[in-house]
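Asks: Residue numbers (the numbering used here), protein chains in the order written: chain A, 1149 to 1571; chain B, 284 to 527. The structure that follows is given in the form of structure tokens.
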Amino acid sequence: MNKLNFLRPNIENLNTYLYVGIFLISIAILDVTLNSFFNTNITSFLPNFISFLLPLIIGTVGLHIIRIEFSGIKNLDLLNKNINTNTFNAVLTLLIIFAVIKSIPPFLSWFIIDATISGDTKEACTGTGACWTYIKIWLNRFIYGMYPNELQWRINLSFIALIGLAFVGLIPSEKIKKFLTLYYVVIYPIIAFVLIYYLISGGAFGLEWVETGAWGGLSLTFIVSFFCLIFCFPVGMFLALGRRSDLPTVRYISVGFIEFWRGVPLITVLFMSSVMFPMFLPEDFFMDKLVRVIIAISLFEAAYVAEVIRGGLQALPRGQYDAAKSLGMGYWKMHIFVILPQALKLVIPGIANTFLALVKDTPLIFVVGLLEIVGMLNLAKTNPKWLGYAMEGYVFAAIIFWIICYAMSKYSYNLEIKYKTDR
Amino acid sequence: MSDPIIKIEGMNKWFGDFQVLKDIHLEVEKNKKIVVCGPSGSGKSTLIRCINRLEEHQKGTIIVDGTELTENTKNIEAIRAEVGMVFQQFNLFPHLSILDNCTLAPIWVKKMPKKEAEELAMKQLEQVQISDQAQKFPGQLSGGQQQRCAIARALCMEPKIMLFDEPTSALDPEMIKEVLDAMVNLAKAGMTMIVVTHEMGFAKEVADEVIFMDEGMIVEKADTKEFFANPKSDRTKLFLSQIL
């Protein structure tokens, strides 16, 4: 690099070099941008090969020029330290910027510019972009499944009620605070079950009965995820404790249970729950398909939750057990007040992981004929009137799932911060 | 002479094939202060952990306050509730504030009303001079403060006996004194104490008897003055010459 020394700036000519460097980088980015967005090549007078590489060369030179050590300008120093440390890194930085610029136009044109949302039929979609008309027409089905249109207020009402009831914890009253844990662990799930059983399913209080086979779409995703999350957590907790129990019977049952459920694929579990399980039941015993599916997924995920929680239990030092015992606490008091609060706090990331996986596993319930949002998409894409729009459907589902999962993940981060008492 | 509050007869304990405690005989009377010393690995900690059955013994009997330690969990829990213990590593509950650390067991084990438990806890924290830290969490306190809180936590159960398992071994030198002061105050108040420690100054100041253990056996048990002035066994002499 010695021969390039005449390009080395120092603090006296800093401004000159800075402006020249920024100018060169801007030219490079402008060239790529014009090329990408407007399909014009301002360097077309040059030979093809050079014209292709020119932005990279100009940009690299520009970055080289502004690589001024201890310039005293905070942002410039930050830039040099992180993405412009040497020529190789400068080239990589430019390539990434160019790749992003290059990928924006096709993305935008498919999503927005060339996309269609007007109209009611497939014929409205003439553009080369996405056909959001398809999503618009089917949105009702994607959310409510085959649930009768005129009864959908029942789903809306029960979901609004459940969301409202979930915020009871925010009431800042000392009297209520005592019962919050009880409320969230026992009362809330019961209310949720009663609401969904009587309001969505119907069959009583003059409400028309809607069989669970007709439920579907996003609302079914929520129902299945919600109940599975609520049930698998306590079951997993007891399994984790059971696996560490001193009583051999309890321990072996827990180990056997966990290893069985972890060893079989979810899809077979679901299949067996709907096809095999009823064969073992007495003739007159009826258990709804949806209930069987929720139980199956809950038990399946409980095995994973159990192992995650066991990890947290093992991470606690033995001194915590000793201290709790030495104060005269029995097994349950020790676990409820000392061990579990600490262990669960440790495994919040792991639990969140399992829960996210659970939500994303719900589409598998299609094997028993329950169609949640992805199931409805698959149904819609095979509709003869709407053939060929699978892409839009899957992108739509991906966005929905991403929103749900990102919200859950954010919530788990907040919990982690909230319960962080040791520094 | 009153009945001994702790009575250990012919107690043996094994970890697997390894015998940690060999034929221990020990009687502790009410309000006595006993210091247990000896080289590491001699079984001192195991001995006092056996007294509230954090470790099980395999042979012999241990009677604490008239109750024999057996498999019966109800008995064990009752005994633990009246035998306080302080650990080398403090073992405070890091997810609870100092005050909650102190009130947890009184509220849930002794069924004390919350108000009463908090008053008691504040009184005990006052005794060890950390009442101003009551709302903080253990992680925000120094080692010495944590250990004093651990003492207060044990005292909140209003125990008849206090066991100390090397309470100052994990502390910085300048914090040892504040913990020892708290223990001396406790001793002067008439608590029955068994202390495993290497602090011979503390032993000389408060102990009624000193027990020297080696290789799982009680080698020597004597009045404090006697123990330091003319130890009988050679092993004790060697130990004292190294530690003093």
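All residues carry an ideal CB built from backbone N, CA and C; glycine is no exception. Computed from a predicted model, the values in this text were never measured in an experiment.
Can the beta-carbon of F539 of chain B be found closer than 8 Å to that of A470 of chain B?
Replies: Limits of chain B in this structure are 284 at one end and 527 at the other, which puts residue 539 of chain B out of reach.
Asks: Look up N1230 of chain A in the DSSP assignment and say whether it is helix, strand or coil.
Replies: Helix, per DSSP.
Asks: Look up Q429 of chain B in the DSSP assignment and say whether it is helix, strand or coil.
Replies: Q429 of chain B: helix per DSSP, three-state reduction.
Asks: Among the residues of its own chain, which have a CB less than 6 Å from the CB of A1340 of chain A, if the five just before and after it don't count?
Replies: These residues qualify, in order along the chain: L1310.
Asks: Run down chain A in chain order and give the residues with a C-beta less than 7 Å from the C-beta of L387 of chain B.
Replies: Result: F1485.
Asks: With a cut-off of 8 Å, does the C-beta of D1436 of chain A fall near any C-beta of chain B?
Replies: False, the Cβ-Cβ gap to chain B never drops below 8 Å.
Asks: So that I know if they touch, is there some Cβ in chain B lying closer than 8 Å to that of A1454 of chain A?
Replies: So no, A1454 of chain A is outside the interface.
Asks: The alpha helix (DSSP H) that contains L1492 of chain A, what's its start and end?
Replies: Counting along the chain, the alpha helix (DSSP H) containing L1492 of chain A begins and ends at L1488 to L1494.
Asks: At a Cβ cut of 7 Å, what residues of the region 1450 to 1477 of chain A count as close to chain B, listed as they run along the chain?
Replies: So the close ones are G1467, Q1468, D1470, A1471, K1473, S1474, L1475, G1476 and M1477.
Asks: Would E482 of chain B and T451 of chain B qualify as a contact pair, given that the criterion is a beta-carbon distance under 8 Å?
Replies: Against a cut-off of 8 Å, the Cβ pair of T451 of chain B and E482 of chain B comes out as a contact.
Asks: Between B:N513, B:T475 and B:T480, which has its C-alpha nearest I289 of chain B's C-alpha?
Replies: Cα-wise, what sits closest to I289 of chain B is B:T475.
Asks: Express the C-alpha separation of M1435 of chain A and N295 of chain B in angstroms, rounding to a whole number.
Replies: C-alpha separation (whole angstroms): 58 Å.
Asks: Any C-beta of chain A sitting closer than 8 Å to the C-beta of G427 of chain B?
Replies: No, its Cβ sits nowhere closer than 8 Å to a Cβ of chain A.
Asks: Could you check where the beta strand (DSSP E) with P287 of chain B kicks off and where it finishes?
Replies: Unbroken beta strand (DSSP E) run through P287 of chain B: P287 to F298.
Asks: Can you give me the Cβ contacts of A490 of chain B inside the same chain, cut-off strictly under 8 Å, excluding the 5 residues immediately before and after it?
Replies: Cβ neighbours of A490 of chain B beyond the five flanking positions: K316, I317, V318, V478 and T507.
Asks: Pull up the distance between the alpha-carbon of N1288 of chain A and that of N1228 of chain A, whole angstroms please.
Replies: One C-alpha to the other measures close to 52 Å.
Asks: One question on the structure: do L424 of chain B and Q416 of chain B come within less than 8 Å of each other, judged by their Cβ atoms?
Replies: For L424 of chain B and Q416 of chain B, yes; Cβs fall inside 8 Å.
Asks: Could you check where the beta strand (DSSP E) with E503 of chain B kicks off and where it finishes?
Replies: Element bounds for E503 of chain B: M500 to D506.
Asks: Quick one: give me the first and last residue of the beta strand (DSSP E) that G1350 of chain A is part of.
Replies: It is not in any beta strand (DSSP E) - G1350 of chain A carries neither H nor E in the DSSP assignment.
Asks: Where V1239 of chain A and Y1542 of chain A are concerned, what is the direct C-alpha to C-alpha distance, given to the nearest angstrom?
Replies: If I take the Cα positions, the gap works out to 36 Å.
Asks: Which partner residues of I477 of chain B appear in the DSSP bridge assignment?
Replies: DSSP output for I477 of chain B lists B:I317 and B:L446 as bridge partner(s).
Asks: Go ahead and pull the three-state DSSP assignment for V1239 of chain A.
Replies: Three-state result, V1239 of chain A: helix.
Asks: Using 8 Å as the threshold, is the C-beta distance between S1560 of chain A and A1472 of chain A below it?
Replies: No.
Asks: How long is the line joining the alpha carbons of A404 of chain B and F1448 of chain A, rounded to whole angstroms?
Replies: Taking the straight line joining both Cα atoms gives about 45 Å.
Asks: Out of A:A1176, A:F1370, A:L1202 and A:E1271, point me to the one whose CA is closest to I1513 of chain A's CA.
Replies: Here the closest residue by C-alpha is A:F1370.
Asks: Just the C-alpha distance for G427 of chain B and D455 of chain B, rounded to the nearest angstrom, thanks.
Replies: Going from the Cα of G427 of chain B to the Cα of D455 of chain B covers about 8 Å.
Asks: Going along chain B in order, which residues have a C-beta closer than 9 Å to the C-beta of Q1490 of chain A?
Replies: Result: F376, P377 and H378.
Asks: Who are the Cβ neighbours of N314 of chain B in its own chain at under 7 Å, not counting the five residues just before and after it?
Replies: Within the same chain, N314 of chain B has close Cβ partners G473 and T475.
Asks: Tell me which same chain residues have a C-beta within less than 7 Å of the C-beta of I528 of chain B, skipping the five on either side of it?
Replies: Because chain B here runs from 284 to 527, residue 528 of chain B falls outside it and cannot be looked at.
Asks: By alpha-carbon positions, which one of A:T1281, A:R1302 and A:T1191 ends up nearest to L1178 of chain A?
Replies: Nearest of A:T1281, A:R1302 and A:T1191 to L1178 of chain A, Cα basis: A:T1191.
Asks: Just to make sure I have the definition right: I need the residues of chain B whose C-beta is within less than 8 Å of the C-beta of K1323 of chain A. Which are they?
Replies: Ordered by position in chain B, no residue passes the 8 Å Cβ test against K1323 of chain A, which lies about 14 Å from the chain.
Asks: Using the Cβ count rule (16 or more neighbours within 10 Å means buried), how would you classify L1506 of chain A?
Replies: Under this definition L1506 of chain A is a buried residue.
Asks: Quick one: Cα of L446 of chain B to Cα of Q1462 of chain A, how far?
Replies: For L446 of chain B and Q1462 of chain A, the distance between alpha carbons rounds to 27 Å.
Asks: When DSSP labels each residue in this structure, what does K1151 of chain A get in the three-state scheme?
Replies: Annotation note: pLDDT 47 at K1151 of chain A (below 50); position unreliable, no value reported.
Asks: Name, please, each residue of chain B whose Cβ falls closer than 9 Å to the Cβ of K1493 of chain A.
Replies: Within chain B, the residues near K1493 of chain A are H378.
Asks: Counting along the chain, where does the beta strand (DSSP E) carrying F301 of chain B start and finish?
Replies: Note, F301 of chain B: beta strand (DSSP E), F301 to E312.
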